[in-house]
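*Asks:* In the order they appear, the protein sequences are chains B and Z. For the first sequence, counting from 1, position 123 maps to 648 in the working numbering; every step adds exactly one. For the second sequence, counting from 1, position 86 maps to 611 in the working numbering; every step adds exactly one. Virtual Cβ for every residue (Gly too), placed ideally from N, Cα, C. One structure, as C-alpha cells, below. Some questions next.
Number of protein chains: 2
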Amino acid sequence: MIRRGFQAVIRLGHHRVLPGAPHILPRLNRTSAFGSSTDSLVSRFCLEKTDLKDYALPNASWCPDMLNLYQEFLEKTKTDGWIKLPSFKSNRDHIQGLKLPFGLAATSDKSDWRIFTRCLQVEGQGYEYVIFFHPSKKKSICLFQPGPYLEGAPGFAHGGSLAAMMDETFSKTAYLAGEGLFTLSLNIRFKNLIPVGSLAVLNVDVEKIEDQKLYMSCIAQSRDQQRVYAKSSGVFLQLQLEEELSQ
Amino acid sequence: MIRRGFQAVIRLGHHRVLPGAPHILPRLNRTSAFGSSTDSLVSRFCLEKTDLKDYALPNASWCPDMLNLYQEFLEKTKTDGWIKLPSFKSNRDHIQGLKLPFGLAATSDKSDWRIFTRCLQVEGQGYEYVIFFHPSKKKSICLFQPGPYLEGAPGFAHGGSLAAMMDETFSKTAYLAGEGLFTLSLNIRFKNLIPVGSLAVLNVDVEKIEDQKLYMSCIAQSRDQQRVYAKSSGVFLQLQLEEELSQ
C-alpha cells in the first residue's frame, strides 16, 4: 500500500520556469546549500566498513576486456586519485541516515526494493557494471557489460538498457560531484548496437555547474575506442538530502 | 561464446551524415523499401494463435488504475480500431522468420534471452506494462506500472526505467507504423517522479516519417493527466527486416 503522502510529489524544480528563474525553486537556503565537499560526500557514500554486498566486484561472467580494464582502474585508485564506487542493492543503502527533501517519502508494505540497475541477481544475466569516480577531475568511467536479459534486437543490448546505465552513471557522478539529485533531462544519440556480453566503456564528464544544475556529457564506446555506441548529455538538479531524525 | 561476425555491427545509418544525406544509408532499394502495410506488419507481429506466453495481460499485481484503463482500452479494440499488442519474452518471438538486415546477427551458447522490459519474471516486481496501438492514427498508449525492483530514489521509479519504457514503446510503435527498426535518438525531459507501484500512462504519437526516419513524441502522465512525469521525443531509422532462409 502506498500512503497518500507518497503521492504528494513536488514538481521537480518547477521545470517549466527553471532556465530563467532558478530562484523559484523549492525553498532552499542558497547560502548553506551545496556546502558539502566532494570528499565528505564520497566518504559518506562509499562506506568503507559495511556488511552490505558490493555488486561492483568481478565475477565469473565478466569478459576479459572488462576484467582487464577493471584491474587497470583499480591500480589507478592507488596512484591517480580514482575511487571505485561500491554498488549496493538499493540507493537506500547508499544514503543511510539521509532522506529526500520536501517530504518526498515513500512507504510500502514491501521491504524488498532494488535499484533498477541491480534488479537481476544472477551473475552475467543482466547489468554487470562498475563505476570509477575521480573527485578532482569530476569525471567517471563506467565499465558496462549487458547480459542476455537486457536484450533489444536479437543479440544486442536494448537501447533503453544503455539509457538507464547512462542515467545511473550520471546520477552517481552528479551526486558526488555536486549534490545533483534528480535527472532533469537526458538526451542520447545512438550510433552502434552493443553486442550482448561485450564491454562498453562510458566516459562521463561534468561540463559545468550553474544555476543549481549540473551539466554532464557521456560517450559510450568499445574499449579500443574504435566503435562509438552512443553519446549523451544529462542535466541534474542540485538538491540537498536531509538528515533523517532518529525515532 | 560470441562469433566474430557478431562484432561486425554496421554503423547505424552513418549517423553523422544522416541529416543531410540519407542516400548514403546502407544499400537500400528505396523503391521497394517500406512497402509493408501496417496491417501486414501488425498481423505478422501479433500472432493470433501461439503457445507463447503473453506478458501483457492483467495479473494480481496490477493496481486498480491500471486494471480499469486496461479494460477501457480493451473495449476500444472492439469499436475504435485499437489493437492490444502481445508481449513475448523476446523480440526473437515477435519477428519469427525474419532477421536483422546487413548481417547483424548474434549467436551465443546461451538460449535464454529476454527483452529488457520483460527481464523480471515475478509479477509486480519489475515492469508491468501493456501497449495498445492504433494503426490508422499511428499512435500508441502504454500503461506502465513500475515495481520495487525498478527503483531509483527510494520509493520512486528510476529515471532510466522510464527511459527504457519510452524507448520500448517508441520501438514497437515505430516498427508497426513504418518499419522503424533502430533508435537514432532519445530526448527526455523529466518533470515528476513516478511512485513505485502506481500507474503512468504513456501517449506516443508518430509526428512524421521523412528521409527514412520516424519522428515520435511521448508524454507520460498520471491517469487523470494532472501530473506530467516526463516528455520525450524519439527518432527511429527505417530498415526492413530480412526473410530468414529455412535451413
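So N717(Z) and R748(Z) are in contact, right, with Cβ under 8 Å, and what is the actual spacing, rounded?
*Replies:* The pair is not a contact, with the Cβ atoms about 14 Å apart (cut-off 8 Å).
*Asks:* Using CA atoms only, rank isn't needed, just tell me which of E676(Z), Q763(Z), Q646(Z), M741(Z) is closest to L691(Z).
*Replies:* Here the sequence assigns Met to residue 691(Z), which means Leu is not the residue at that position. Out of E676(Z), Q763(Z), Q646(Z), M741(Z), M741(Z) has the C-alpha closest to the C-alpha of M691(Z).
*Asks:* Assuming Y674(Z) and A581(Z) make a contact with CB atoms under 8 Å, what is their CB distance in whole Å?
*Replies:* Not really, about 18 Å apart at Cβ, beyond 8 Å.
*Asks:* For the stretch 693-713 of chain Z, list every residue whose C-beta sits within 8 Å of some C-beta in chain B, in sequence order.
*Replies:* Residues E693, S696, L706, F707, T708, L709, S710, L711, N712, I713.
*Asks:* Excluding five sequence neighbours on each side, which residues of the same chain lie with their C-beta closer than 8 Å to the C-beta of L724(B)?
*Replies:* Once the five neighbours on either side are set aside, the close Cβ partners of L724(B) are C588, D590, M591, L594, L668, F669, Q670, S747, R748.
*Asks:* Do G705(Z) and L762(Z) have their C-beta atoms within less than 8 Å of each other?
*Replies:* For G705(Z) and L762(Z), yes; Cβs fall inside 8 Å.
*Asks:* Hey, does E767(Z) have any beta-carbon neighbour from chain B nearer than 8 Å?
*Replies:* E767(Z) does not count as touching chain B.
*Asks:* What is the residue span of the beta strand (DSSP E) that G685(B) lies within?
*Replies:* From DSSP, G685(B) is part of no beta strand (DSSP E) but of the alpha helix (DSSP H) over 684-703.
*Asks:* Put E600(B) into one of helix, strand or coil per three-state DSSP.
*Replies:* In this structure, E600(B) counts as helix in the three-state DSSP scheme.
*Asks:* Where does the unbroken beta strand (DSSP E) through V731(B) begin, and where does it stop?
*Replies:* V731(B) -> beta strand (DSSP E) spans 725-735.
*Asks:* Would DSSP call F711(B) helix, strand or coil?
*Replies:* It is worth fixing the name first, because residue 711(B) is Leu in this sequence and not Phe. Strand, per DSSP.
*Asks:* If contact is defined by three or more beta carbon pairs under 8 Å, each pair taking one atom from either stretch, is the stretch 655-663 of chain B in contact with the stretch 618-625 of chain Z?
*Replies:* No: the two stretches stay apart, fewer than three of their Cβ pairs being nearer than 8 Å.
*Asks:* Report all residues from its chain with a CB closer than 6 Å to the CB of T698(B); omit the five preceding and five following residues, and keep chain order.
*Replies:* Excluding positions up to five away in sequence, the list reads S665, V729.
*Asks:* Assign Q646(B) to one of two classes, buried (16 or more other C-beta atoms within 10 Å of its C-beta) or exposed (fewer than that).
*Replies:* It counts as exposed.
*Asks:* Indicate whether at least one CB of chain Z lies closer than 8 Å to the CB of L553(B).
*Replies:* With a pLDDT of only 42 at L553(B), under the threshold of 50, the placement of this residue in the model should not be trusted, and no figure is reported.
*Asks:* Determine the DSSP secondary structure at Y674(B), reduced to helix, strand or coil.
*Replies:* Helix at Y674(B).
*Asks:* Would P544(B) pass as an interface residue toward chain Z - the criterion being a Cβ-Cβ separation below 8 Å?
*Replies:* At P544(B) the pLDDT is 34, less than 50, meaning the model places this residue with poor confidence and gives no usable figure here.
*Asks:* Alpha carbon to alpha carbon, how far is R555(Z) from E732(Z)?
*Replies:* Any reading at R555(Z) needs caution, since the residue's pLDDT is 41, under 50, leaving its predicted position unreliable; the model's value is listed next. Cα-Cα distance, rounded: 21 Å.
*Asks:* In chain order, what residues of the same chain have a beta carbon less than 7 Å from the beta carbon of A689(Z), not counting five sequence neighbours either side?
*Replies:* If we look at A689(Z) and ignore the five residues flanking it on each side, its Cβ neighbours are F641, T642.
*Asks:* Quick one: using the 10 Å Cβ neighbour count with 16 as the cut-off for buried, is P583(Z) buried or exposed?
*Replies:* Exposed, by the Cβ-count rule.
*Asks:* Report buried or exposed for S565(Z), applying the criterion of at least 16 other Cβ atoms within 10 angstroms of its Cβ.
*Replies:* Exposed, since its Cβ has fewer than 16 Cβ neighbours within 10 Å.
*Asks:* Measuring CB to CB, does V721(B) end up less than 8 Å from G651(B)?
*Replies:* For V721(B) and G651(B), no; Cβs fall outside 8 Å.
*Asks:* In chain Z, which residues lie less than 7 Å from S615(B) when you measure between Cβ atoms?
*Replies:* What S615(B) touches in chain Z: E676.
*Asks:* Looking only at DSSP bridge pairs, what is C743(B) linked to?
*Replies:* Answer by DSSP bridge pairing, in chain order: V729(B), S757(B).
*Asks:* Once the 5 residues before and after T602(B) are set aside, which same chain residues still bring their CB inside 8 Å of it?
*Replies:* Excluding positions up to five away in sequence, the list reads I608, K609, F657.
*Asks:* As an exercise, report each continuous beta strand (DSSP E) stretch of at least 3 residues that is fully enclosed by the stretch 612-643 of chain B, in chain order.
*Replies:* Counting whole runs of 3 or more residues, the stretch 612-643 of chain B contains no beta strand (DSSP E) stretch at all.
*Asks:* So, using beta-carbon positions, are F613(Z) and D579(Z) closer together than 8 Å?
*Replies:* Yes. Within cutoff.
*Asks:* Can you have a look at F770(Z) and say buried or exposed, based on whether 16 or more other CB atoms are within 10 angstroms of its CB?
*Replies:* Looking at the sequence itself, residue 770(Z) is Leu, so the reference to Phe does not match. Exposed, since its Cβ has fewer than 16 Cβ neighbours within 10 Å.
*Asks:* Going along the chain, which residues of its own chain have a beta-carbon closer than 6 Å to the beta-carbon of T714(Z), five neighbours each way excluded?
*Replies:* Per the sequence shown, residue 714(Z) should be read as Arg rather than Thr. Excluding positions up to five away in sequence, the list reads K756.
*Asks:* With burial defined as no fewer than 16 other Cβ atoms inside 10 Å of the residue's Cβ, what is the status of T694(B): buried or exposed?
*Replies:* Burial call: buried.
*Asks:* Between the C-alpha atoms of L625(Z) and L599(B), what's the straight-line distance to the nearest angstrom?
*Replies:* Their backbone Cα atoms lie some 39 Å apart in a straight line.
*Asks:* Along chain B, in chain order, which residues have C-beta atoms closer than 8 Å to that of I640(Z)?
*Replies:* The contacting residues are E676, G677, H683.
*Asks:* Would you identify the three-state DSSP class for Y580(B), choosing helix, strand or coil?
*Replies:* Coil at Y580(B), not helix or strand.
*Asks:* Would you check whether the ligand SAM has a heavy atom nearer than 7 Å to the C-beta of G672(Z)?
*Replies:* In the structure on display, the ligand SAM does not appear, and there are no ligands present to speak of.
*Asks:* How would you list, in chain order, the residues of chain Z whose beta-carbon sits under 9 Å from the beta-carbon of A630(B)?
*Replies:* Near A630(B) (Cβ distances below 9 Å), the residues of chain Z are P679, G680.
*Asks:* Classify V567(Z) as helix, strand or coil using the three-state DSSP reduction.
*Replies:* V567(Z) falls in the helix class under three-state DSSP.
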